[in-house]
Every structure is written in structure tokens, then in C-alpha cells.
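One structure is given here, and the rest of the page talks about it.
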Amino acid sequence: MNNLHDSGLPDEPPVPAASSVMKSAALGECPRCGARTMFSGLVNFADTCGKCGLDYASFNVGDGPAAFLTLAIGTVLAVAAIVFDQAFHPPFWVHAIIWVPLTAIMVVYGLRVAKGALMVVEFRRDAREAGSRDVEPARHEADESES
Ligand SMILES: [Zn+2]
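Reading the sequence shown from the start, the letters are residues 97 to 243 in this note's numbering.
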């Protein structure tokens, strides 16, 4: 890690460090002002930041991470449950007590972190859904006539 800082590049990194993205996401911090205003519910984004007014709704995070998270968490927990069952042969109710709440917690927390991380990255990269303001027709035509 240290050799990244000795590469002679400017101090301002063009890509945010993954650790700071994950920290902001895990804490639900607004990517612009750092206030913990990102979520209004367990996994629902607030409409805007209550402190700086950043419009969270303009980011198109969606539910993209949900399918991957469900598959990954399901795989991890299924393997863990099988290993646990083979090792200790517990009665069924022990499985219910352990795995049902653990699954719910992991899915909710995983979704928060994944969706939060996507929003932080989208904000830092200034990524939005393309709209009419992203098109410059006059300049576009001029470029085409030159070539
Ligand atoms: Zn803010």
C-alpha cells in the first residue's frame, strides 16, 4: 500500500480509496458533507441530505446489488449451516434461532453498505442518468463536419 504514495503522482487521488468509500457507506454518510443522512429507513435512501440538501434521488443506484448479495450471503450461510450441523448435530430449533436472524441482519446490512458505496462512488465520479442537458447538438454537428 505504501508504494502507492511514493509513485510521484499528485497528492489528490483521482479515484477515492475503497476503504473510505466503504466507511462512508457503512455509516450512511452523505458523500458531499459527511452527515449521516443517507438512509431514511433500513435500506431506503432519504430523498435529500438533511444537512447540505444533496439530492439523493438523482442518483440511480437502484437494486442492482440485491441479487448478488442475496446469492453471496445465501451461499455463505448455507455452507456455514451445513458445516455447523455436521460438527455439532444440533436440534432444528437451534438452526432456526441462529440462521434466520443472521440472514436478515446480513442482507439488510449488506444492502446498506452496497447501495451506499454505489452512491458514494456515483457522487465522486459525478455519474448521473444522462438527460437532455448532457447533449450538445450544435457542437456535435460541428465535430462531425470537421471529420
Ligand atoms: Zn449532505
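The beta carbon of each residue, even a glycine, is placed where N, CA and C say it ideally should be.
Sorted by chain position, which residues of the same chain lie with C-beta nearer than 8 Å to Leu-173's C-beta, five sequence neighbours on each side aside?
Trp-195, Leu-198, Thr-199 and Met-202
Rounded to whole angstroms, what's the CA-CA distance from Val-190 to Val-179? Just pull it up for me.
14 Å
Any heavy atom of ligand 1 closer than 7 Å to the beta-carbon of Leu-150?
yes
Closest to Gly-158 by CA distance: which of Arg-221, Ala-210 and Arg-220 is it?
Ala-210
If we count the other Cβ atoms within 10 Å of its Cβ and call it buried at 16 or more, is Thr-171 buried or exposed?
exposed
Buried or exposed for Leu-100, please, with buried defined as at least 16 other CB atoms from any protein chain shown within 10 angstroms of its CB.
Caution is warranted here: a pLDDT of 48 is assigned to Leu-100, below 50, making its placement in the model unreliable, and the coordinate value is therefore given only provisionally. Looking at its Cβ environment, which holds fewer than 16 other Cβ atoms inside 10 Å, Leu-100 is exposed.
I'd like the list of long-range same chain contacts for Ala-252, defined as Cβ closer than 8 Å, with 5 residues on each side in sequence excluded.
Since the displayed the chain opens at 97 and closes at 243, residue 252 lies outside it and no answer follows.
Counting along the chain, where does the alpha helix (DSSP H) carrying His-185 start and finish?
Premise fails: His-185 is in no alpha helix (DSSP H) and is neither H nor E.
Less than 7 Å between the CB of Arg-220 and some heavy atom of ligand 1, yes or no?
no
From Ile-193 to Val-139, what distance separates their C-alpha atoms?
23 Å
Buried/exposed call for Leu-167, threshold 16 Cβ in 10 Å
exposed
What's the gap between the Cα of Gly-137 and the Cα of Gly-124?
11 Å
Contacts around Val-204, its chain only, beta-carbon distance under 7 Å, and the 5 residues preceding and following it disregarded:
Leu-138 and Val-139
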